[in-house]
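Engineer: In the UniProt record's numbering, the protein residues as written are 1 to 1068.
Glycine included, each C-beta is placed from N, C-alpha and C at the ideal position.
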């Protein structure tokens, strides 16, 4: 089919062929899925923020339980502060490394792992019997929170479009503020009603809910580009530096600031920090990427976050201690007293996030920080030693809520807003989180230093120093807000897909036959002269001594290797010259009236170099070798020289030449076959593209005259008109077999029925009938035709006969092959309808989906559902393969059900490799799920697949672009060859250093497995009319989460080639 001339076939569900017919196996394909079932941004935000809610809840809920834990273990504040600081230190130190691991291993995977580990650590904290055990389990909690939080934020950032990304981050931050606000009252209630252990036990049911929700709602995502293991050494050095710094600050007053222990602690912290800097400079994947330090908004936002966090965590602990030690509140009352500020902050952050997106962050953050300072000044000046919640405490909480909501969440948004789209958001958010936790560690440590161990009755004065410290921090934030400036996001880098080179059709196309006016009724004009030299005129002197030879269609004039005893000149009919090398049957040339054959052997005295077969009943003039030498003159020899020169030029591209299929014989397979109706409708369907006539019963002369005036000649014969049917079959270039019954006839079919186009024009049959036809004649194509819609149903066959049926071949490439989705979208948008599909490996499943009748969006939806939303990584011990393949097989069964290749509405072929016979196998029958599964069994990743009595592996091993499966005369052929992974560009750093980049294991595997097919690809691709070469740079072998990046690469490549595609489709 071609552009806009035939309707696009669109199926409902993949494999939906209506009710199960008798003889069917009963299991059909999945429910319709024509558009992506993609989780909404709100759903991702809800689930991801709920997981992070656990970590943020734990950061404040423990603060409220702090006094009860102190009484239980009989410990002083400086020692027990490690319950808070150990969590914050480990959280801060490993947050960035965990963020990079989330970018590397997958954000959903790390999110779930973080929640599970956090839940287990919470249970261990609840059963701790000593301060040492509690601190150790809090370290485990800190590590799990470091894994959980950046993965959570990375999922949120990835789910929101660029224009709403900052708002999504604000909402995520608001959820954290709500958690921080609910922590104190929840913690107070649990401690009052039960014990401090329940502030940890409450995480268990919440963790289970978070894991279940994440498994159902989240979709895996990773950072694009090359990924490396993060600097774990640097993370350890940072943890040591922060731990030693905290130890020195907390114990400094007790030890003495100039004492050896304090000096060693602080000095070792400095040395560890220097080691961290050195490690970051040398490691290929440092915790803080140098590119982030060049983004002004990120540097400013991160620095102000550290200062604000120090003040926030300092005054929060001060609040709890003031309420319990000075006002003698219970823990529940203290928790409820600090909750209003957090709840107000959540509302304010949600409201101001959109405003900041439009007008910038500088003014809002500055005013918010000043409001925060005003709240602390209120506490210092107004709040007294006697409880007065409504008159003194609540106004400060309101001011504090406004200040927090306008500052802390917006600082995180400001830092991330300037990053390029598609960047490592989990890593960047982890850096911000780590800086926030560093601020928390410093804030709590400074608070412990300021408070010390107050004397009885001096607690109020000591705690007011904590408020003063926080006020100083927020004043510094207000001043520093000026540095935020106007946020201008870095533009996202376009998908690095090199523009396709000027694409010219690779295969020479025969010129389209000229239109000829319709002859008068009953009149057939005389044939035109042959384009070659007319040897009848040149050999007129030898004519009296020549012999006329009659050759029936299908008979051989001579074969390669025979003795060259004569040459022949065609009087009427048509001959084919066949290549005799290796027993092949390739057509080298076709000869008509006035053309000579056999002259080369006569001139050279050599045996026949080719085989000649009659395509039509032909008459020839035979001139013996002796008579030729006796009568040949200069004119004859000159004419032969011209013939030889023309043929020498033609044979240079003999392997690519195709001969026209002019005579189409519509033959009945049984007595009820409507051959006349099919022939008439076929002529009508051919008329938009070329001139087709149905001359009725003609002899060989009449047929020859008809061929001269028409592009296609359609003959038809019923099964009971034996003589005429045999004539039609003998002269036909292409046979269309029409069946009136769904089952094949019991009577034997003629030999020419093998490989014919099959038209099923009777009642609908079941799949066993289709299988029987496939086995019996191996049809070239199959077309169910309804008599009430015969014209529409025969358009596909007419397009193939006219040479207008577009074929599309899709290469393998695993996740990179998702670029085919972009090609399908561009072809569909341009109005190009594809009738024939073939593919290898991942290209096979995309081709099968398209051949099922789905449009580009439907194919994309199926790939997204089964390869992005679902993981195929059911890894096992590598005795036969790294992956069991059960999930892959289950997905294929879900997509295609038990549908057969023969039942697909469009032509489909795929290729696998027979591992035992070491040859490619072209699948044209069987269950779609099985044959596609054979084509996708990449060695080493998957075990070979037993099928049809042998073992099959990925077709890309020998034939990654199976062009040969669709090569023929049915229409233009477009191949899409996805690059297997870019080599380093000349401008790359690795090239400048002279060190080629070493790819990962899976990429090396893919390239190694396809070396042999790549070596043969040039010759194979030369058989396509056009080759599109997408290059999805940065997409790894199994990185299906980068489907959009790969699809965009396909779009770019297809758009580059679109002028050549349209020219090719229209020209054909």
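What residue from 892, 871, 894, 893 has the CA that sits closest to residue 883's CA?
Structural biologist: The sequence position of residue 883 within the chain shown is 883, counting from 1. The candidate whose alpha carbon is nearest that of residue 883 is 871.
Engineer: Using the Cα positions of residue 244 and residue 266, report the straight-line distance between them to the nearest angstrom.
Structural biologist: Numbered from 1 along the chain shown, position 244 holds the residue referred to as residue 244. Numbered from 1 along the chain shown, position 266 holds the residue referred to as residue 266. Their Cα atoms are separated by approximately 6 Å.
Engineer: Express the C-alpha separation of residue 337 and residue 328 in angstroms, rounding to a whole number.
Structural biologist: Taking the chain shown and counting its residues from 1, one reaches residue 328 at position 328. Taking the chain shown and counting its residues from 1, one reaches residue 337 at position 337. Those two C-alpha atoms are separated by around 12 Å.
Engineer: Go through its chain and collect everything with a Cβ distance to residue 672's Cβ below 6 Å, but skip five positions before and after it.
Structural biologist: Locating residue 672 in the chain shown gives position 672, counting from the first residue. So the qualifying residues of the chain are 740.
Engineer: Indicate the three-state DSSP secondary structure (helix, strand or coil) for residue 550 in the structure shown.
Structural biologist: Translated into positions along the chain shown, residue 550 becomes position 550. The answer is strand: DSSP assigns residue 550 an E or B state.
Engineer: Going by beta carbon distance, what residues of the same chain come within less than 8 Å of residue 6, once the five residues before and after it are set aside?
Structural biologist: Against the chain shown, residue 6 aligns to sequence position 6. No answer about residue 6 holds up, because its pLDDT of 32 lies below 50 and its placement is not dependable.
Engineer: Let me know the secondary structure DSSP gives residue 513 once reduced to three states.
Structural biologist: Within the chain shown, numbered from 1, the residue matching residue 513 stands at position 513. Any answer about residue 513 is weak, because its pLDDT of 38 lies below 50 and its placement is not dependable; what the coordinates show is given next. Residue state, collapsed to three classes: coil.
Engineer: Could you name the residues of the same chain whose beta carbon sits closer than 8 Å to that of residue 68, not counting the 5 residues immediately before and after it, in chain order?
Structural biologist: The residue given as residue 68 occupies position 68 in the chain shown. Hits under 8 Å: 191, 195, 196, 331.
Engineer: Exposed or buried, which one is residue 804 when buried takes at least 16 other CB atoms within 10 Å?
Structural biologist: The residue given as residue 804 occupies position 804 in the chain shown. Buried: at least 16 other Cβ atoms inside 10 Å.
Engineer: To the nearest angstrom, report how far apart residue 370 and residue 475 are at their CA atoms.
Structural biologist: Counting from one through the chain shown, the residue named residue 370 turns up at place 370. Counting from one through the chain shown, the residue named residue 475 turns up at place 475. Between residue 370 and residue 475, the C-alpha separation is close to 6 Å.
Engineer: Going by other Cβ atoms of all chains shown within 10 Å of its Cβ, with 16 needed for buried, is residue 86 buried or exposed?
Structural biologist: The residue given as residue 86 occupies position 86 in the chain shown. It is buried - the Cβ of residue 86 has at least 16 other Cβ atoms within 10 Å.
Engineer: Using 8 Å for Cβ pairs, my map puts residue 98 next to residue 154. What's the rounded Cβ distance?
Structural biologist: Residue 98 sits at position 98 when you count from the first residue of the chain shown. Residue 154 sits at position 154 when you count from the first residue of the chain shown. So it is not a contact: roughly 10 Å between Cβ atoms.
Engineer: Can you tell me the Cβ-Cβ gap for residue 774 and residue 903, rounded? I've got them flagged as a contact below 8 Å.
Structural biologist: Numbered from its first residue, the chain shown carries residue 774 at position 774. Numbered from its first residue, the chain shown carries residue 903 at position 903. At roughly 10 Å, the Cβ-Cβ gap does not stay under 8 Å, so residue 774 and residue 903 are not in contact.
Engineer: Under the three-state reduction of DSSP, which class applies to residue 590: helix, strand or coil?
Structural biologist: On the chain shown, residue 590 is found 590 positions in, with the first residue counted as 1. It is a strand residue.
Engineer: Which residues bound the beta strand (DSSP E) around residue 945?
Structural biologist: Reading the chain shown from its first residue, position 945 is the one you call residue 945. That run of the beta strand (DSSP E) goes 945-947.
Engineer: Within its chain, find whatever has a CB closer than 6 Å to the CB of residue 782; leave out the 5 residues flanking it on each side and keep chain order.
Structural biologist: Numbered from 1 along the chain shown, position 782 holds the residue referred to as residue 782. 758, listed in sequence order.
Engineer: Is it true that the CB of residue 122 sits closer than 9 Å to the CB of residue 207?
Structural biologist: Residue mapping note: residue 207 aligns to position 207 of the chain shown, counting from 1. Residue mapping note: residue 122 aligns to position 122 of the chain shown, counting from 1. Contact: yes.
Engineer: Rounded to whole angstroms, what is the Cα-Cα separation between residue 747 and residue 756?
Structural biologist: By 1-based counting over the chain shown, the position of residue 747 is 747. By 1-based counting over the chain shown, the position of residue 756 is 756. Whole-angstrom Cα-Cα distance: 17 Å.
Engineer: Can you have a look at residue 993 and say buried or exposed, based on whether 16 or more other CB atoms are within 10 angstroms of its CB?
Structural biologist: Counting from one through the chain shown, the residue named residue 993 turns up at place 993. Confidence at residue 993 is low in this model, with a pLDDT of 47, below 50, so the placement of that residue should be treated as unreliable; the coordinate-derived value is given next. So residue 993 counts as exposed.
Engineer: Give me the Cβ distance between residue 819 and residue 1050, rounded to the nearest whole Å; I'm assuming they're in contact under 8 Å.
Structural biologist: Taking the first residue of the chain shown as 1, we reach residue 819 at position 819. Taking the first residue of the chain shown as 1, we reach residue 1050 at position 1050. Right, their Cβ atoms sit about 3 Å apart.
Engineer: For residue 902, which three-state DSSP category applies?
Structural biologist: For this step, residue 902 is matched to residue 902 along the chain shown. Of the three classes helix, strand and coil, the one that applies to residue 902 here is helix, per DSSP.
Engineer: What is the DSSP secondary structure of residue 939, counted as helix, strand or coil?
Structural biologist: In the chain shown, residue 939 corresponds to position 939, counting from 1. Reduced to three states, the DSSP call for residue 939 is strand.
Engineer: List the DSSP bridge partners of residue 315.
Structural biologist: Taking the first residue of the chain shown as position 1, residue 315 is located at position 315. According to DSSP, which records beta bridges pairwise, residue 315 is partnered with nothing at all.
Engineer: Within its chain, find whatever has a CB closer than 7 Å to the CB of residue 1058; leave out the 5 residues flanking it on each side and keep chain order.
Structural biologist: Stepping through the chain shown from its first residue, residue 1058 is reached at position 1058. So the list reads 826, 830, once near-sequence residues are dropped.
Engineer: Could you say which of 62, 236, 76, 49 lies nearest to residue 151 if we only look at CA atoms?
Structural biologist: Here the question's residue 151 lines up with position 151 in the chain shown. Selected option, being the one with the closest Cα: 49.
Engineer: CA-CA distance, residue 935 and residue 780?
Structural biologist: The residue you call residue 935 lines up with position 935 of the chain shown. The residue you call residue 780 lines up with position 780 of the chain shown. One C-alpha to the other measures close to 22 Å.
Engineer: For a test of the three-state rule: what should DSSP assign to residue 1055, helix, strand or coil?
Structural biologist: For the purposes of this step, residue 1055 is taken as the residue at position 1055 of the chain shown. Here residue 1055 sits in helix by DSSP.
Engineer: Use the C-beta contact count for residue 841: other C-beta atoms within 10 angstroms, 16 or more gives buried, fewer gives exposed.
Structural biologist: Working through the chain shown from its first residue, we reach residue 841 at position 841. With 16 or more Cβ atoms within 10 Å of its Cβ, residue 841 is classed as buried.
Engineer: Taking the DSSP output, what are the residues bridged to residue 975?
Structural biologist: The residue you call residue 975 lines up with position 975 of the chain shown. DSSP lists 809, 1027 as partners of residue 975.
Engineer: Anyone know if the C-beta pair for residue 158 and residue 221 falls short of 9 Å?
Structural biologist: As a position in the chain shown, residue 158 is number 158, starting the count at 1. As a position in the chain shown, residue 221 is number 221, starting the count at 1. In contact: residue 158 and residue 221 (Cβ atoms closer than 9 Å).
Engineer: Hey, how far is the Cα of residue 692 from the Cα of residue 705?
Structural biologist: Within the chain shown, the letter at position 692 stands for residue 692. Within the chain shown, the letter at position 705 stands for residue 705. When rounded, the distance between both Cα atoms is 13 Å.
Engineer: Thinking residue 591 and residue 577 are a contact (beta carbons under 8 Å), I'd like their distance in whole angstroms, please.
Structural biologist: By one-based count along the chain shown, residue 591 stands at place 591. By one-based count along the chain shown, residue 577 stands at place 577. Yes, residue 591 and residue 577 are in contact; Cβ-Cβ is about 7 Å, under 8 Å.
Engineer: Given a cut-off of 9 Å on the beta-carbon distance, is the pair residue 835 and residue 952 in contact?
Structural biologist: What you label residue 835 is simply residue 835 of the chain shown in a count that begins at 1. What you label residue 952 is simply residue 952 of the chain shown in a count that begins at 1. Result no, Cβ atoms of residue 835 and residue 952 do not sit closer than 9 Å.
Engineer: Contact between the region 710-719 and the region 680-695 is defined here as three or more beta-carbon pairs at a separation below 8 Å; is this criterion met?
Structural biologist: They touch, by the three-pair rule.
Engineer: Comparing C-alpha positions only, which one of 837, 861, 845, 1029 sits nearest to residue 967?
Structural biologist: The residue labelled residue 967 in the question sits at position 967 within the chain shown. Here the closest residue by C-alpha is 837.
Engineer: Quick one: what does DSSP say residue 149 is sitting in, helix, strand or coil?
Structural biologist: Position 149 of the chain shown, counted from the start, is the residue given in the question as residue 149. In this structure, residue 149 counts as helix in the three-state DSSP scheme.
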